[in-house]
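So the sequence shown is numbered by this note's numbering: it starts at 191 and just counts up by one. Notes follow once the structure below has been shown.
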Amino acid sequence: MRVVIAEDSVLLREGLARLMEVGGIEVIDTVGDAEALLRSVERDRPDLVVADVRMPPDQSDEGVRAALVLRRQYPDLAILMLSQYVEERYAVELLTGQMRGIGYLLKDRVADVAEFLDSLRRVADGGTALDPEVVSQLLVRSNGSELDRLTPREREVLSHMAEGRSNAGIAAVLVLSEGAVSKHINAIFTKLGLPPSDSGNRRVLAILKFLQGNTKDRS
């Protein structure tokens, strides 16, 4: 896995690079602003970009805007965004596009090294990694959407799906059998109108419905 890190804090940028290298991940470049990130990806063609949502010069949304440009130019590029706080609109803007190889985590998650490295690998492999705090806030805002058809347990299962957990991972967190988790997921697919005949990935489509259902209250 070849990674480019985009983070304006030198301390955090170098810390991330060191952490990844110790974890056996090759860091091919580190940059401090969005323009440098775009140039680095064009030059080096990494497998994964890890970028801060807010970067110079304005410290607003330069990072996520650069990520959206990269998603259009390089559809196979995996991207993991980092943020100091939960910023739902940025998470939704990024995640309601193509769901393959995408993640959004709070910077505090880096402290759990094993979990953070697992998130990196999952995103690089084409999966998702959505911070539990973002999921929690989105669920609170979902009143009036088709997610209301789901039971509390089904909503809980869907939230863990959005975090990027596998059936086995969900079963471990909720102390359920994998069979029970599978039944809940099938019920979620049915209630969200995602029949087996759907040509797309139903798991991804369910997560998209989850995200899109939570944008309506803010539009």
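Glycine included, every Cβ here is placed at the ideal spot set by N, Cα and C. Bear in mind that the values here come from a model prediction, so they are computed numbers and not experimental data.
{"Item": "Verify whether the separation of the beta carbon atoms of A224 and I269 is less than 8 angstroms.", "Value": "no"}
{"Item": "Less than 8 angstroms between the CB atoms is what I'm expecting for S294 and D251, so what's the real figure, rounded?", "Value": "Residue identity check: residue 294 is Tyr in the sequence provided, not Ser. So it is not a contact: roughly 13 angstroms between Cβ atoms."}
{"Item": "From the DSSP secondary-structure annotation, give me the bridge partner or partners of T318.", "Value": "I292"}
{"Item": "Kindly indicate which three-state DSSP category M351 falls into: helix, strand or coil?", "Value": "helix"}
{"Item": "State buried or exposed for V325, treating a residue as buried only when at least 16 other CB atoms are found within 10 Å of its CB.", "Value": "buried"}
{"Item": "Near K297, which residues of its chain fall below 6 angstroms by C-beta distance, leaving aside the five closest residues on each side in sequence?", "Value": "L272 and Q274"}
{"Item": "Pick helix, strand or coil for E216, following the three-state DSSP scheme.", "Value": "strand"}
{"Item": "So, at 8 angstroms on beta carbons, what are the nonlocal neighbours of S372 in its own chain, with the 5 sequence-adjacent residues on each side left out?", "Value": "N357"}
{"Item": "Among residues of its own chain, excluding the 5 on either side of R290, which ones have a beta-carbon nearer than 7 angstroms to its beta-carbon?", "Value": "G316"}
{"Item": "Could you please give the first and the last residue of the uninterrupted beta strand (DSSP E) stretch that includes D242?", "Value": "L238 to D242"}
{"Item": "To which residues of the same chain is H374 closer than 7 angstroms at the C-beta, ignoring the five residues directly before and after it?", "Value": "R343, E344 and V347"}
{"Item": "Does the distance from the C-beta atom of V300 to that of L206 stay below 8 angstroms?", "Value": "yes"}
{"Item": "Contact check, V221 vs L260 under 8 angstroms by CB: the rounded distance?", "Value": "Between L260 and V221 the Cβ distance is about 13 angstroms, and since that is not below 8 angstroms, they are no contact."}
{"Item": "Using CA coordinates, which residue listed in R235, A361, R255 and T380 is at the minimum distance from T341?", "Value": "T380"}
{"Item": "Is it buried or exposed for A257, if we count other Cβ within 10 angstroms and need 16 for buried?", "Value": "buried"}
{"Item": "Can you give me the C-alpha to C-alpha distance between G383 and A352, rounded to a whole angstrom?", "Value": "17 angstroms"}
{"Item": "Pop quiz: D198 and P246 are said to be a contact at Cβ under 8 angstroms. What is the actual Cβ separation, rounded to whole angstroms?", "Value": "5 angstroms"}
{"Item": "Under 8 angstroms Cβ to Cβ from R355, same chain only, skipping five residues before and after it: list those, please.", "Value": "V363"}
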